[in-house]
Amino acid sequence: MTNFITAYLVEVERRTIRIVTIDPGNILAEIRRHIGCELIDMVRIDRNHCIVVDDNGLTDELPGFTELKGYGSPLAGNLLIIGTDASGETVSPSYPIEEFAAMLMIRYPVLSPEFEMLNGPTVFGSRVSGLSVKLIGVVPTVLTEERTH
């Protein structure tokens, strides 16, 4: 019988974080499948936890990105939070999912219309004259098993 490893998957476009399972017999393929890329990199959170990221994620177009408190660069794409043991092997995280969610800020762009007033002899009203972009930030929503679908 296989003892599965748990991990926390951050889905940027959904702005959520949820628990997923990883087969320890196929860790690398499972990680790649969850975050949706071939080349991965690790960002250390602390001595016992890492975030697995798409190594080329910042070179692609981004619908959003994630910031990790205390880390200077944005993280692109879906993220997988894993635990590591003393020998560097992948294990389940030792902190609750809510603690990791609180360390993250998902940022995404929102377009806001700008209006100009029309006031002439035959026209009265307003029209869209342009768009401005705002960057909104939210902590990922923690999904429980019954809310993952």
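To convert, note that position 26 of the sequence shown is 26 in full-length UniProt numbering; the numbers rise steadily by one, no gaps. From the three backbone atoms N, C-alpha and C, an ideal C-beta is built for every residue, glycine too.
Report, in whole angstroms, the separation of the C-beta atoms of residue i and residue j, which I expect to be a contact under 8 Å.
| i | j | result |
| --- | --- | --- |
| L104 | V139 | 6 Å |
| L39 | N56 | 6 Å |
| G83 | H34 | Not a contact, Cβ separation roughly 15 Å. |
| I5 | V91 | 6 Å |
| L118 | F124 | 7 Å |
Classify residue i as buried or exposed, calling it buried when 16 or more other Cβ atoms lie within 10 Å of its own Cβ.
| i | result |
| --- | --- |
| I45 | buried |
| P113 | exposed |
| V133 | exposed |
| N78 | buried |
| L111 | exposed |
| A101 | buried |
Does the beta-carbon distance from residue i to residue j come in below 8 Å?
| i | j | result |
| --- | --- | --- |
| A7 | L80 | yes |
| I17 | I97 | yes |
| P93 | L135 | no |
| R15 | T141 | yes |
Note down the Cα distance separating residue i from residue j, rounded to an integer number of angstroms.
| i | j | result |
| --- | --- | --- |
| L143 | I19 | 8 Å |
| S129 | V12 | 31 Å |
| R107 | F65 | 5 Å |
| E89 | R127 | 59 Å |
| A86 | M42 | 16 Å |
| L28 | G36 | 12 Å |
| residue 150 | P24 | What is shown of the chain runs 1 to 149, which leaves residue 150 out entirely. |
| Y95 | V10 | 15 Å |
Kindly indicate if chain C contains any beta-carbon less than 8 Å away from that of residue i.
| i | result |
| --- | --- |
| L131 | This model lacks chain C altogether, as it is built from one protein chain only. |
Name, in chain order, the residues that DSSP records as bridge partners for residue i.
| i | result |
| --- | --- |
| A7 | V20 |
| V43 | I51 |
| L135 | P109 |
| V128 | F115 |
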